[in-house]
Amino acid sequence: GMKQKSISSFFAAK
Amino acid sequence: MFEARLVQGNLLKKVVDAVKDLVTDANFDCSSSGFTLQAMDNSHVSLVSLSLRSDGFEHFRCDRNMSMGMSLGNLAKILKCAGNDDIVTMKAADDGDTVTFMFESPKEDRVSDFELKLMDIDSEHLGIPDTDYAATVTLPAAEYQRICRDLSSIGDTVVISATKDGVKFSSSGDVGTANITVRQNTTADKKEEQVSIDLKEPVALTFALRYLNSFAKATPLASHVSLSMARDLPVMVDYQISDMGHLRFYLAPKIED
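Protein chains in written order, with the numbering used here: chain G, -13 to 0; chain P, 397 to 653.
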């Protein structure tokens, strides 16, 4: 199945 | 202090209406360069990024960088009290716990002010890297809205695939399947109907439709919207706000487990 990624797994905290 | 006067006051109303269902509370950041907001939705699947440059305001003053936490629902309630053609001025003291919205009618015969309580919001800022997108499709904002709405009646997710033949939106569910393809059309009679596709390499990604649908609430802000995609990266859904900046949404893809 497809898993929803979270946005913070792509954009690191500043 | 912070003071910003926006002749096209309804623009602020459109921005808040576009994001209030996705984001409950958010910090608006003010600096001499402008008025910005960055916030994730509650489930941390998408990110909203608003930028209104200071030079797009009739008057803009920000003595000290400040972050103003607001309930977007309450802000929307206040902005609903502005007339459609009203000039909106925002004012806040450096150390205050409120922001004032002043609405002036174009004929200058009615002035009102509403004070909104600010709130402390813990929010982390994410760094959005510059990305070389494999494909960008720019289509009429109303067309994007229609595609998302139509596919939502078929399934929960959409596969967006960009190839040299066009950009295909596919969904499937209990009802059956649906495919909608948009092709480049830069010769449409009306500029607002034009579609342009910038394809560097084919790319296909899967997304939850409910977020893409929610982004379409920004439709009144711009004639066109751009979708930019790169392999295994969030899609960027970009509404340009003329002469002022942009409202961008980023949505994390669904990836094979």
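Built from N, CA and C at the ideal position, the CB exists for glycine as well.
Looking at residue 626 of chain P and residue 527 of chain P, is the spacing between their C-beta atoms short of 8 Å?
For residue 527 of chain P and residue 626 of chain P, yes; Cβs fall inside 8 Å.
Let me confirm a value: residue 651 of chain P is counted as buried when at least 16 other C-beta atoms fall within 10 Å, else exposed. Which label applies?
Exposed: under 16 other Cβ atoms inside 10 Å.
What are the residues of the segment 528 to 541 of chain P that lie near chain G, defined by any Cβ-Cβ distance shorter than 7 Å?
Listed by position, the residues of the segment 528 to 541 of chain P near chain G (Cβ gap below 7 Å) amount to none.
Residue 419 of chain P and residue 441 of chain P - do their beta-carbons sit closer together than 8 Å?
Against a cut-off of 8 Å, the Cβ pair of residue 419 of chain P and residue 441 of chain P comes out as no contact.
Strictly below 9 Å CB to CB, what residues from chain G border residue 521 of chain P?
Neighbours of residue 521 of chain P on chain G, chain order: -1 and 0.
Short of 6 Å in beta carbon distance, which residues of its chain neighbour residue 517 of chain P, apart from the five on each side in sequence? Order them along the chain.
Within the same chain, residue 517 of chain P has close Cβ partners 421, 423 and 465.
Can you give me, in chain order, the residues of the segment 638 to 650 of chain P that have a beta carbon less than 7 Å from any beta carbon in chain G?
So the close ones are 646, 648, 649 and 650.
Write down the C-beta distance between residue 553 of chain P and residue 603 of chain P rounded to the nearest angstrom, noting that I regard them as a contact closer than 8 Å.
Rounded, the Cβ-Cβ distance is 7 Å, consistent with contact.
For the candidate residues P/404, P/416, P/427 and P/408, whose alpha-carbon lies nearest to that of residue 398 of chain P?
If we check each option's Cα against that of residue 398 of chain P, P/427 comes out closest.
Determine the contact status of residue 557 of chain P and residue 600 of chain P, defining contact as a CB-CB distance below 8 Å.
Cβ atoms of residue 557 of chain P and residue 600 of chain P: closer than 8 Å.
Below 8 Å on C-beta distance, what does residue 494 of chain P contact in chain G?
None at all; the shortest Cβ gap to chain G is about 28 Å.
I want to verify the contact list: residues of chain G whose CB lies under 7 Å from the CB of residue 602 of chain P, in sequence order.
Result: -12.
Ignoring anything shorter than 4 residues, give me the alpha helix (DSSP H) runs that lie fully in the segment 453 to 511 of chain P, in order along the chain.
Listed in chain order, the complete alpha helix (DSSP H) runs (minimum 4 residues) inside the segment 453 to 511 of chain P are 468 to 475.
Just curious, the alpha helix (DSSP H) that residue 607 of chain P is in, first and last residue?
Looking at the DSSP string, the run of the alpha helix (DSSP H) that includes residue 607 of chain P is 605 to 611.
For my contact list, residue 638 of chain P and residue 632 of chain P are in at a C-beta cut-off of 8 Å; report their separation, rounded to the angstrom.
Going by Cβ atoms, the distance from residue 638 of chain P to residue 632 of chain P rounds to 19 Å, so no, they are not a contact pair.
Since residue 475 of chain P and residue 412 of chain P are thought to touch, with beta carbons under 8 Å apart, how far apart are those beta carbons, to the nearest angstrom?
That belief holds up - the Cβ atoms of residue 475 of chain P and residue 412 of chain P are roughly 6 Å apart, short of 8 Å.
For residue 441 of chain P, which three-state DSSP category applies?
Here residue 441 of chain P sits in coil by DSSP.
Return helix, strand or coil for residue 637 of chain P, following the three-state DSSP convention.
Reduced to three states, the DSSP call for residue 637 of chain P is strand.
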